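At position 126 of the sequence shown the residue is numbered 126 (full-length UniProt numbering), and the sequence of numbers has no breaks.
Don't be surprised by glycine CBs; every beta carbon is placed ideally from N, CA and C.
Fair warning: this is a prediction, and the values are worked out from it, not measured in the lab.
For reference, the structure is listed below as structure tokens.
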Amino acid sequence: MIKLVAISGSLRQSSANTTLLRAAIALAPAEVEISLYQEVGNLPQFNPDIEHAPPPIVEALRTLLKGCDGVIIACPEYAHGVPGAFKNALDWVVGSTDLAGKPVALINASGRAVHGQAALAEIIMTMGWIIVDAASPTIPVAGMKYDVATIIGNPALAGPLRVALNALVQAGNQAD
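Printed below as a string of structure tokens:
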């Protein structure tokens, strides 16, 4: 079984980013298990003084990421950057050297979020994770009010998600 972790950079449950991730879960091949991490907003503020003995919620995130074969991120752009809560989550794992080399898909829900996507890519590369370009499509659903069923039922939306999943799985297999 191939294990992937999906993380939305948005705290809104009905966000386009989270909806895309839920659609990816629904479209995943039988041999792929995708866990949607939903604790980004519950993580405490990053504190380097406790980084090596973090709270249990942080340790759980690190363990989840360590045990997966790849990560799928869908993140909105706020003020040309990454949302604060999501950046905080990344700060908690940036020093985890055992996560280096992790393949990552960066799914963009808005064709206009180029600055935020670039900022996120810079952070991911700094972490030593590997961005899989073939697994990082722009699927412009932001502002469209699509639900999961609409996305998986529309070949123009579901197709790029399937391609991204296959590319991420392939990258994870090559990393092993």
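Spatially closest choice to residue i from the options, by CA coordinates
i    : options                : result
A85  : V40, A118, A149        : V40
W92  : N108, P44, Y78         : P44
P140 : W129, R12, V114        : V114
S14  : A109, T126, A119, A121 : A109
Where the alpha helix (DSSP H) through residue i begins and ends
i   : result
L61 : 56–66
Burial state of residue i, where buried means 16 or more other Cβ atoms lie within 10 Å
i    : result
R22  : buried
A149 : exposed
Q117 : buried
A74  : buried
A134 : exposed
For residue i, the residue or residues it bridges with in DSSP
i    : result
A105 : I72
T138 : N108
S10  : Answer is none; S10 lacks a bridge partner.
L4   : I34, G70
Y78  : G81
* Touching by the beta-carbon criterion (3+ pairs, under 8 angstroms), the stretch 3–10 and the stretch 27–35 -> yes
* Evaluate contact between the stretch 56–63 and the stretch 103–111, counting only Cβ atoms and requiring at least three cross-stretch pairs below 8 angstroms. => no
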